[in-house]
Structures are given as C-alpha cells and as structure tokens.
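> Residue numbers (the UniProt record's numbering): 1 to 1020.
1) Where does the unbroken beta strand (DSSP E) through residue 871 begin, and where does it stop?
2) From residue 248 to residue 16, what does the alpha carbon distance come to, in whole angstroms?
3) Whole-angstrom Cβ separation of residue 448 and residue 620, contact assumed at under 8 Å?
4) Which residue marks the beginning of the alpha helix (DSSP H) containing residue 410, and which one marks its end?
5) By a C-beta neighbour count over all protein chains shown, 10 Å radius and 16 as the cutoff for buried, is residue 527 buried or exposed?
6) Would you report the Cα separation of residue 813 and residue 646, rounded to the nearest angstrom?
7) For residue 263, which three-state DSSP category applies?
8) Helix, strand or coil: how does DSSP classify residue 219 here?
9) Check residue 650 in the structure and name its three-state DSSP category.
10) By the three-class DSSP mapping on this structure, what secondary structure does residue 852 have?
11) From residue 838 to residue 851, what does the alpha carbon distance come to, in whole angstroms?
12) Using 8 Å for Cβ pairs, my map puts residue 746 next to residue 699. What's the rounded Cβ distance?
13) Specify, as a first and last residue, the run of the alpha helix (DSSP H) that residue 691 falls within.
14) I believe residue 749 touches residue 715 by the beta-carbon criterion, under 8 Å. Please report the beta-carbon distance rounded to the nearest angstrom.
15) Whole angstroms is fine: what's the gap from residue 1022's alpha carbon to residue 93's?
16) Please report the distance separating the alpha-carbon of residue 425 from that of residue 795.
17) Does the distance from the CB of residue 949 to the CB of residue 1007 come in under 7 Å?
18) I need the DSSP call for residue 655, collapsed to helix, strand or coil.
19) Specify, as a first and last residue, the run of the alpha helix (DSSP H) that residue 974 falls within.
20) Between which two residues does the alpha helix (DSSP H) carrying residue 342 extend?
21) Just to confirm my understanding: we take residue 392, look at its own chain, exclude 5 residues before and 5 after, and list those with CB closer than 8 Å. What are they?
22) In the structure shown, what three-state DSSP assignment does residue 749 receive?
23) Buried or exposed for residue 592, going by 16 or more other Cβ atoms inside 10 Å?
24) State the CB to CB distance for the pair residue 956 and residue 903, rounded to an integer number of angstroms; the pair is presumed to be in contact (CB under 8 Å).
25) Can you give me the Cβ contacts of residue 650 inside the same chain, cut-off strictly under 6 Å, excluding the 5 residues immediately before and after it?
26) What's the C-alpha gap between residue 2 and residue 41?
27) Do the segment 779 to 790 and the segment 814 to 823 make contact, defined as three or more Cβ pairs closer than 8 Å?
28) Please state the DSSP three-state secondary structure of residue 620.
29) With DSSP collapsed to three states, give me the class of residue 904.
30) Residue 208 to residue 33, Cα distance in whole Å?
31) For residue 559, does the count of other Cβ atoms within 10 angstroms reach 16, so buried, or fall short, so exposed?
32) Compute the beta-carbon to beta-carbon distance between residue 896 and residue 911, rounded to the nearest angstrom, for a pair I have assumed lies under 8 Å.
33) Cβ atoms of residue 927 and residue 1036: under 7 Å apart, would you say?
34) Take residue 109 and list the residues in its own chain whose beta-carbon comes closer than 7 Å to its own, dropping the five residues that flank it on each side.
35) The beta strand (DSSP E) that contains residue 835, what's its start and end?
36) What residues in its chain sit with their C-beta under 7 Å from that of residue 691, if we drop five residues either side in the sequence?
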C-alpha cells in the first residue's frame, strides 16, 4: 500500500471534479482506490462523481462500499440517500437520511433530504417539519429556506376549487407569455402552477413543453450567430491565456458531455471532430477502450492524431475546425440546461397518467439527448407496451397513432416497435400499418429499406402474405409519378438519370440555377442509405437482394484486376487498336490503363451481371481545403453507367482508388473501400455531384446524348507538391515511356502544375495542354467539349523524369540567379539546407529558431566554409494578391531573420523562402550538399528531386508513417536513404512537436563522417 500516492490521486481527482472533468476525476479516484482499497474517502468521492455523471447504479455500489469501510461517515449516508432519491427509491433514501441523523442529530443536510423524501411522497406535514429543522440548524442556507417556503405555499388552507382556479390562471398566463416568446416569464407561472398543485398533470406537462420551447429558442439563436464559434474561443482563451486553445476546447467538450454515457460521448466525438456519424459498432468498441485502457481526454487525443482528423484540418484549417468543435459542445451544453427539471416533470406526469404513451416518447427523447440511452430505450419500450395494450382493448386507432409516433422518433430502431407491428398485423391491419409508413416518410425513396425491413421481419414471423404486401407497396410507390410535387432540382436530377434520357418529361427552366443553391437544397432534402460492402450485415444483404442487386456482382465492381479488365474489354466486339499486353507501372487501379487505351471505363451491371462500359465522366472534389489552392484537395471522377438502372462509380483519393457506387433511383450509396470512407465523404460527395449536374443540366443533357468522347488527363489540382510529382508527372512519364501518350487527347492543367508540365514534356504539342482554374472549371470543360476525364496516377519516379524537371527549371531561371548559385557553390562547402515552417502551419518544430541556430553555430566551429540555405514556401509566379501564400512567406522570412540574429555573422546565408518553384529545384539539385528537413511535402525537393543525404525530423507519428517513402527506392529510383530522427525522442504537442536540437545534430554528424574523405578534407 502507498498511502501518500493514494492521497495524491484523491486530491487530483477532487481538483478535476471542481473543474467539471468528471470522467477524468472518476479515473483518478479509481487509481486511488487501486493503491489503497480500504480508504472509505476514495469510494465516497467516486460515488459523488458517478452520481454527477448519471451513473446512479454504480454510484450506489461505491457509496455502499464506503459505508462498509466507515459506517459513521455522515456524507456517505447523505450521498447515498440523494442517489436513492434520484432513483425514486424513497424508502431507501429515508433510511439513509435517518441513519445520518442518528450519527449526528445536528446534521442539517440530512433533514433537508428527509424533507425532499416526504415532499415527494405527498406528506406535506412531515416535509414541513423536516425543512424547518434544517433551517433551524442552518438559517443561512438559501436552499433550505426555499424548500420550506415552497412546501408552506402548498400547505395554504385554501379550498380545492380555489387551488384549481389558481392553477388554471397560472397556466393561462403561462400560455399568454409563451406565444410572443417570453419563455422566462411563462416558466414562472408554470412553476407556480406546479407548486400550487404538485399532482396536476396539466401543470407539469405544460412546464415540460415550455422548457423544451425555451431550449429550442436558445439553440436557434446560437445556430444563427455566425460569430458564435469565434466568441466562444475568445472567452476560453481570455480565461486561460497560458493554456493551448485546443486543450481548452477539448476540456470544454469533456465538461459539456461529462454526464453522458461513454457510448454517447463517442458518438458526439465523431460528430464534432470527424464531422460524421460513427460507423456501426464504433461507439461500443471505443467505450470499452475508455473503460479498460484510457480516459475520455486520451481518446480525444487519439482522434486528433488520426489521418482522417488531420485531413479535416488540412481541408478546413485549424481555426475553422476549432470553431466547429466549440459550437458543437456549446449547443450540447445549452440543450441540457433544463434537462433535470424536464425529467422531473415527466416523472410527475407519468405518475398521474401512466398510460399516456406520448409522455414516454418525450421522456425517452430527453433521456436520449442526455446520453442516458439505456433508460431512454426502457421508456420507448413502455410506450410500445401501452400500444400493445391498446390493441388488446380494440383501440386500434390509438395503437396506430402510437406506432406512427415510434416511426417518427425511432425509424431505424425497429427492434423496439416491431412487437406492436406484430399485434396490429395479427388483427388484420397490415394496410393501416403501411399507411403509417406512408404518412411519416412521405413515400420518400430513402425509406424503402424500412418497408423492406418490415417485410423481412413479418416473413420470419410466418406472416408471408403480409410480407408480400409490403414489397408490393414499395413497387407501387416506385411506379408513381411525382413530377408535379417535386422540386425543380429533383425533377432535373431524376430526368438526368432515366434509362432513356428525358424520355417522359421535358424541363422548362429559363432561370439560372446556381450550384451553391442546389447543393444546399440536396444537403437538406436528400436522405441516403449508406452501407459498406466489406461490412454488410445479413439484413443489409437481404435488402440489397430485394432491390435486385447481386452481392457477388458488387464485389466484382470493387475488385481491381488487370486480367479482369482484359475480359471486360474483350466482351465488346468493336475493333480496338493494338493494346499493351502487360500492366503499366501506375498506381494499382487498372481502369486507368483501360481508359487511356480504349477510351472507356469498364465494370459489370450489379443487377444483371452484364459487362458495361462508360465514357461519361463528371469531376468534383470529394475532399477540399477551404482556403483556395492550399491543398490537400482530392478529385472524385464519377463515371456514369447505364445497366438495368443508371448508376455511378466514383474513384479518387491520391491514387485513384475505387471509392463508392451510387444508385440514384434507390438513393443508395455503397462504399467500396471501408478504409477510405472518411476521405470519400459519400453523402457530401454525392450532393456535390448532384449540384454540378443539375446547375449545368443543359450541357449535361447534350453531353450524355453525344457518344464520341476525347480522353483527357487532369493534373495540378491536388495542391500537394509530393503527389504532383509522384502521381501527376510520373503518370505522364509512364505513358510516354510505354508509347501511348498520344492516346491522351488533352491534358487539363490546374494551378498546382508547379513545375510546368508542358515544358517538362516538350514532345507533347502545346495545343494539347489546356489550363483550368479549379475543379468546377474542369467539370464545365469536360461536359462542354465531350471529354472523358481521368487522373493518370504514377507510383514510381525514375531518374530521367527528375532530369527532365531539373533541365526545364534550370532554363526558366535568370542568369543573375544562376550566377548566385555558382557563387554559393564556390564559396561554401558544405552548403547545408534547412527547411523551416511558419508557426501558423501544422506539424511545426516549436523550438526551431533556437534549435537551428545552435546546430549551425556548432557546425561552423568544425566547418568554417559552411554555408546555409533556408527553404520554405515557394511560388509558381501565377499567384494573385488574394493568395494565402504571401502571409506564410512573410512569417517564414521572419523566422529566417530570427535565426540569423543568433548565428555567427560571417556564415554565408541564402534564402529560398518565397522563391519560385523552379528556382527552388535548382537550389536543391545543383547547389545543396546536405540538408536537415521536416517531415512533409518539402521532402519532394530534398529527397525525391535533389536526392541529397540529410536528417529528417517531425512529429513522432509522421516519422513512423514515412517508412520506406524516403528510406528505400520503393517509390524513387536510386534514392539515397534519408536518416529519420528516432521518434522516441520526439514529444508531440497538439499538432506540433518538441525535440532537443542535439538529437538532430548527432544524427547529422554521422552523415558528414560517412562522406568521402576528400570532401571532408575540403570542408575543414
């Protein structure tokens, strides 16, 4: 036993509890108990924090153990009594408070607890006596005096008729104030009505409704405030200026969700940090992780370090992500403000009207929002039980209303309400039951699977006839023509996806349709069924089969195999020119080679198994950084196929992987790669696709009606230097090497064509290159010029390509610049390059200024001819004034100046910060001898292009992930292996890192000592 250590944990737990970090406090108290399992105080405080989190049964266990260890502890009996009171175990609570009084007859809180118990039981006389004793012992307590005044008001000697009249007056006044939105004023009267008659159903029910309306009004105000996130973050930072903002935000998130269950916490974590719902089973899995190996705070750190979260940071920027997280927890906090009072109202109402099923639904919803999922489900089940009882009493209309309410609240939780469905079907009410579905879901395509699920359930219960009726109902809905009722955008979209284009309906729309308006519309109105092919449940498989989809065909669509591509191609009889017999050295997806060589993408129809091909493509961004041209943007190429129904296959990510299949008539999205679903963003991507196609619907119609297409390669839109070289340029190089570059009719080049592909590949005619501004420009040019588009993704960089890049860049440099390079080479050896990063970037070495200066000064003592080149943000020369690059360059130049202030004045220093990309290539390839670089896309210059030896530092996670990219020749021919700083010396710190400069220096010395002796001699 280590009593001192146990006490330390206990104090830490109390501090965490005072800060509102209840999960962390719980974990700390448990550590104290582990070290000293016979100290009652740790169990007492554990019980207290468990009760605050709503874990009432666990709190009882903790208090009971504390009571066993110290039967005379007053606050243990008090805390246990208060928990029993929350659990409605009134007799147990009374026993606890009476025991506390036996131990100390002057303990005022125990009398107050007794007063609460007697008040709950309706025994006002005993309640008054208990509250009076509490006030007598502690006359300064506002809580005690308020409780006494409240019960005395209830005890006023007035007639039942007078009480009823006063209650009705208060309710009427409350309703009058509610209408104009004076909720605070209304609440006073509703609460007064509850005090006048604690058993009034109407008073408590109207109070609960007003509390809900008040909460909704506050949420509406918050959601409409564009500055909300900024204000919240400013308040956090002002209160704690010395603490990192992301830490403050995480702590506030923890506090806002401190009382919800672990599973509910995980679900909100997904929504706030990953901007999506948790995948099936994730909430349960991560909750086990919290309970067994971690804390909630540590889980947030795990999420912040995931590639998906980092991709979100890259797309939206640190500030925007922090604001979104702040808004999320603020809304949760506000939504829970009146929850205890609402729950108390529901409990009173249920006591008065135990068969009013609406109460159980509303009570369940509030418990659900509070994260008390298990309790919520019990209330939902009680509502359904009442519905079943109504069927037994032949009150069918009321039972159907009960079922309809369950569909509105719990559409996907059919295991809760199917008992009532069975009762209704057994009474011959299948058509009435299906009418509930029609009324709730408005015959929407997104609800078809719910009809299918019901049919499957009924079939399992041997209601075969009724199951068939369910399926026929869906078929009938699908055949109905809703054009008169549909929004214009829906009509256009549906007509663009008919098997016969515009066969039945002509669109008459003269007004301009804006893409942003269409996207907002579909974001609000589209409801998709999203499943993952690799993790289909038996029910999902059954539903897909009922839709006519064959699972094995879907698996073939997801499969990538060069031989399978050859089978597809040879399934068509039209003559093809000579095709290459072997697979090109591109990234793995082989559709790229098929499209370049034949002009088509191939697959099979998932309904019939027929081989299909498509030369219809629509280009969107499935991942996009909010700051223009900052990266890391990812294009989605959506190929439209016409099988039994129209469907789309989207490919994308950095290497062109198959991401998803989308079926418009079913509003069904099937993820083809579960590991990339976070990047694919299925729902957002399909809404974007819809918005582009609908806003340019006339051009799309013409495009779909024209068979002949030219093949175009799209490059320079990912805005990441490494992927530009690795995929864009290497892809063109592979086509050139294999003699099929001529099969590309055009190359569309975006602003991220950093080195100028037309100069790197002068054998390609100039008129084949077409500049584009952004992905929307690509979308328009593809449909207006009848192109079929792809991105040819290389995967291996060869020496001749690097030489091409260098020669092209060299010829773009001025003579003055080249003379400067030659002068540096003659004056300095070694010429050492440092890559630097602005503080507002991500993955920054926090002490880089002092660290780099120390390294330079120590090296200069050994190598007096040492020269330094600083490298940072580079430009293409096409940036305008609005580009965000200028602020980054200014910040990095400030860092260069700060380092120069700390190093010897006679050391030659050159700066490539703000240089053009082609000047940067020449610095690295022609002048630099060695380098010290941070892990990131800047290694494109130092390692892949220059192939110079060096030391790489970075966040531990980045160093571990780099692997063979810069240490082997797996992706770059004849690569000089780079030296990575051992990750165990790196301390990651909220997206940045700390590192002792001596670690880098020691690794760098090993490289210098490994160089050729003659070089070493010339250095000294």
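For every residue, glycine included, the Cβ atom is placed at its ideal position computed from N, Cα and C.
Nothing here was measured: the structure is a model prediction, and the numbers come from that model.
Short version:
1) 867 to 871
2) Using only the alpha carbons, I get a separation of about 14 Å.
3) Going by Cβ atoms, the distance from residue 448 to residue 620 rounds to 26 Å, so no, they are not a contact pair.
4) Counting along the chain, residue 410 falls outside any alpha helix (DSSP H), and DSSP gives it neither H nor E.
5) exposed
6) 52 Å
7) helix
8) helix
9) strand
10) In the displayed model, residue 852 falls within a helix according to three-state DSSP.
11) 15 Å
12) Actually they are not in contact, since the Cβ atoms of residue 746 and residue 699 sit about 17 Å apart, beyond 8 Å.
13) 682 to 695
14) 6 Å
15) The structure shown has nothing for residue 1022, since the chain only spans 1 to 1020.
16) 59 Å
17) yes
18) coil
19) No alpha helix (DSSP H) holds residue 974; DSSP gives it neither H nor E.
20) 339 to 352
21) 423
22) When DSSP states are grouped into helix, strand and coil, residue 749 belongs to the strand group.
23) buried
24) About 28 Å separates the two Cβ atoms, so there is no contact after all.
25) These residues qualify, in order along the chain: 636, 638, 659 and 660.
26) At residue 2, the pLDDT of 40 sits below 50, so the modelled position is not reliable and the matter cannot be decided from this model.
27) no
28) strand
29) coil
30) 41 Å
31) Note on residue 559: under 16 other CB atoms within 10 angstroms of its CB, so exposed under the neighbour-count rule.
32) 5 Å
33) Residue 1036 falls outside the range modelled here, since the chain spans only 1 to 1020, and no answer is possible.
34) 78
35) 831 to 835
36) 515, 518, 519 and 522
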